[in-house]
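Let me begin by presenting the structure, written as structure tokens, before commenting on it.
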Amino acid sequence: MILTRIATKTSNIKAIALSAICLSTVCLTSVASSLYFVPAAFAQYGLGLPKSSGVSGATRSPTNPTIILLVPNDGAKTLSARPTFFLWINPPEIKPEQSTSTSSTRSIIRKDTPIVFTFLLRDGNETSSKPIFTAEVKADKFGLYKFTLPENAPALVKKKEQRWQIRYNNGESNTFAVIRLESDDNVTKAIAAAKNDLDKARIYAKNFYWYNAIEAYDSWLSKDPNDDAAILERNELLKIGLAKHVVFVTEKKDQKGLPIEEFNQAAYDQFLNELDKSTATPIELKPKKLN
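For what it's worth, my numbering labels the leading residue of the sequence shown as 404, then goes sequentially.
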């Protein structure tokens, strides 16, 4: 009888832990459903868009830092009409043989040099889609950043794929990602009942709200950066959502001259490792006049 009770108690503890931390086997979308699980490989954080319509790779530049948008290759959804966007800024990709003797290049690679670029939100997901909001963004160092669509910007339109874009004034690093606003009453109710940002992050992650999940995990870790369970969960989320991210894919040609893609696993692993140590620095969007 005692052994039976111990076994039952152990099973209950494992079930609670599994239900709380289920990013390695992502839960199905219904908040109200029982605890059914699907393998992480089937997690759908993206929108299922074709490759050309999802996320563009950051332009490699000898002068400008490389900007990586933290979004799955085929975009992602949000529950927020004014979402928070995340990006990572890497130093310029200066090759060893390139000279750094000029003052302009030297000033760019200093860590304390302001990095200025433009944020655009478009009314659709086409290159020709009209920009409906533009803003100047300024970062002071390399690393992880976040910014929220402000009240003076148009809110996202429900069930519409919209493109947000980052570019330098000289046209380099003209990279973009896709976002779609989708409402879900069950998720909204669950979020309202959540006790803290970690609970919210888990609810968003289980229901594939990528933008919200990343924001909630970051908010929690900014208050408790040593929460190993939360760090592990966010890491699993990033591994799933950013798997084979286009930024780390290089197009080459094989011996027959046919195009092939080569994924830089080492650079990707290093990127995830750096993210594990990071919480995002908030930056302000300063609206610019539309041309």
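The beta carbon of each residue, even a glycine, is placed where N, CA and C say it ideally should be.
Check your understanding: With which residues is N493 paired in a DSSP beta bridge?
Key -> Against the sequence shown, residue 493 aligns to sequence position 90. N493 is bridged by DSSP to T469.
**Study point:** Element boundaries [beta strand (DSSP E), containing K655]
**Key:** For the purposes of this step, residue 655 is taken as the residue at position 252 of the sequence shown. That run of the beta strand (DSSP E) goes V652 to K656.
Exercise for review: Measure the alpha-carbon distance for K561 versus Q658 and round it to whole angstroms.
Suggested key: Numbered from 1 along the sequence shown, position 158 holds the residue referred to as residue 561. Numbered from 1 along the sequence shown, position 255 holds the residue referred to as residue 658. K561 and Q658: Cα-Cα distance of roughly 47 angstroms.
Practice item. Jot down the residue ranges of each uninterrupted alpha helix (DSSP H) in the stretch 517-575, minimum 4 residues, whole runs only, in chain order. Key: Entirely contained in the stretch 517-575, not one alpha helix (DSSP H) run reaches 4 residues.
Check your understanding: Terminal residues of the continuous alpha helix (DSSP H) containing R637?
Key -> The residue given as residue 637 occupies position 234 in the sequence shown. Residues D631 to G644.
Point to revise | Contacts around R356, its chain only, beta-carbon distance under 8 angstroms, and the 5 residues preceding and following it disregarded | key: Residue coverage of the chain in this structure runs from 404 to 694, which leaves residue 356 outside it and unanswerable.
Check your understanding: Would DSSP call R605 helix, strand or coil?
Key -> Position 202 of the sequence shown, counting from 1, holds the residue named residue 605. The three-state secondary structure of R605, taken from DSSP, is helix.
Review point. What is the DSSP secondary structure of T682, reduced to helix, strand or coil?
Key: As a working mapping, residue 682 is identified with position 279 in the sequence shown. In the structure shown, T682 sits in coil (DSSP, three-state: anything other than H, G, I, E or B).
Exercise for review: With a 10 Å radius around its C-beta and 16 neighbouring C-beta atoms as the bar for buried, classify N615 as buried or exposed.
Suggested key: Taking the sequence shown and counting its residues from 1, one reaches residue 615 at position 212. Taking all protein chains in view, the Cβ of N615 is crowded by 16 or more other Cβ atoms within 10 Å, so the residue is classified as buried.
Check your understanding: When the distance is taken between beta carbons, is Y612 closer than 8 angstroms to L482?
Key -> Within the sequence shown, residue 482 is the residue found at index 79, counting from 1. Within the sequence shown, residue 612 is the residue found at index 209, counting from 1. A contact, by the Cβ cut-off of 8 angstroms.
**Study point:** N577 versus E677: straight-line alpha-carbon distance, rounded
**Key:** Locating residue 577 in the sequence shown gives position 174, where the first residue counts as 1. Locating residue 677 in the sequence shown gives position 274, where the first residue counts as 1. Cα to Cα, N577 sits roughly 23 angstroms from E677.
Practice item. Would you kindly check if the distance between the Cβ of R566 and the Cβ of L450 is under 8 angstroms? Key: On the sequence shown, residue 450 is found 47 positions in, with the first residue counted as 1. On the sequence shown, residue 566 is found 163 positions in, with the first residue counted as 1. Their beta carbons are not under 8 angstroms apart, which means L450 does not touch R566 by this criterion.
Point to revise | Which listed residue (D588, S531, L523 and I643) has its alpha carbon closest to that of P475 | key: Counting from one through the sequence shown, the residue named residue 475 turns up at place 72. The option with the nearest alpha carbon to P475 is I643.
Check your understanding: Does the stretch 537-547 come within contact of the stretch 489-496, defined as at least 3 CB pairs closer than 8 angstroms?
Key -> With a cut-off of 8 angstroms on Cβ pairs, the stretch 537-547 is in contact with the stretch 489-496, counting three or more such pairs.
Practice item. Check whether the Cβ atoms of E539 and K691 lie closer than 8 angstroms to each other. Key: Taking the first residue of the sequence shown as 1, we reach residue 539 at position 136. Taking the first residue of the sequence shown as 1, we reach residue 691 at position 288. Between E539 and K691, the C-beta spacing is below 8 angstroms.
Check your understanding: Going by other Cβ atoms of all chains shown within 10 Å of its Cβ, with 16 needed for buried, is A743 buried or exposed?
Key -> Given that the chain is displayed from residue 404 to residue 694, the structure contains no residue 743 and the question cannot be resolved.
Practice item. Please classify A580: does DSSP put it in a helix, a strand, or coil? Key: What you label residue 580 is simply residue 177 of the sequence shown in a count that begins at 1. Secondary structure at A580: strand, using DSSP grouped into helix, strand and coil.
Exercise for review: Put K626 into one of helix, strand or coil per three-state DSSP.
Suggested key: As a working note, residue 626 is residue 223 in the sequence shown. Under the three-state reduction of DSSP output, K626 falls in the helix class.
Exercise for review: With distances taken Cα to Cα, identify the nearest neighbour of K680 among T591, Y620, V652 and I594.
Suggested key: The sequence position of residue 680 within the sequence shown is 277, counting from 1. Closest option to K680, Cα to Cα, is Y620.
Practice item. Going by CA-CA distance only, name the one from K480, V519 and Q447 that's closest to N467. Key: Here the question's residue 467 lines up with position 64 in the sequence shown. If you compare the alpha carbons of K480, V519 and Q447 with that of N467, the shortest gap goes to V519.
Review point. When we look at the beta-carbon of E687 and count the other beta-carbons within 10 Å, is it buried (16 or more) or exposed?
Key: For the purposes of this step, residue 687 is identified with residue 284 of the sequence shown, where counting begins at 1. In this structure E687 is exposed. Its beta-carbon is surrounded by fewer than 16 other beta-carbon atoms within 10 angstroms.
Check your understanding: So, K655 versus E639, is the Cβ gap smaller than 8 angstroms?
Key -> As a first step, residue 655 is located in the sequence shown; it is residue number 252 there, counting from the start. As a first step, residue 639 is located in the sequence shown; it is residue number 236 there, counting from the start. A distance of 8 angstroms or more separates the beta carbons of K655 and E639.
Review point. Nearest-angstrom Cα distance between P453 and N528?
Key: Reading the sequence shown from its first residue, position 50 is the one you call residue 453. Reading the sequence shown from its first residue, position 125 is the one you call residue 528. Taking C-alpha positions only, P453 is separated from N528 by approximately 12 angstroms.
Check your understanding: Would you call N610 buried or exposed, if buried means 16 or more other Cβ atoms sit within 10 Å of its Cβ?
Key -> In the sequence shown, the residue the question calls residue 610 occupies position 207. With 16 or more other Cβ atoms within 10 Å, it is buried.
Check your understanding: Terminal residues of the continuous beta strand (DSSP E) containing S689?
Key -> On the sequence shown, residue 689 is found 286 positions in, with the first residue counted as 1. Going by the sequence as given, residue 689 is Lys instead of Ser. K689 to K691 is the span of the beta strand (DSSP E), which, as asked, contains K689.
Practice item. To the nearest angstrom, report how far apart P628 and R605 are at their CA atoms. Key: Here residue 628 refers to the residue found at position 225 of the sequence shown. Here residue 605 refers to the residue found at position 202 of the sequence shown. So the alpha carbons of these two residues sit roughly 17 angstroms apart.
**Study point:** Top-ranked residue by Cα proximity to A670, from V649, T684 and D543
**Key:** Counted from its first residue, the sequence shown places residue 670 at position 267. Looking at the Cα atoms, V649 is the closest of the given residues.
Practice item. Tell me whether K480 sits in a helix, a strand or coil according to DSSP, three-state version. Key: Here residue 480 corresponds to residue number 77 of the sequence shown, with the count starting at 1. Here K480 sits in strand by DSSP.
**Study point:** Opposing strand residues paired with T487 [DSSP bridges]
**Key:** Here residue 487 is taken as the residue at index 84 of the sequence shown, counted from 1. T487 is bridged to T551.
Exercise for review: Indicate the three-state DSSP secondary structure (helix, strand or coil) for F674 in the structure shown.
Suggested key: For the purposes of this step, residue 674 is taken as the residue at position 271 of the sequence shown. The answer is helix: DSSP assigns F674 an H, G or I state.
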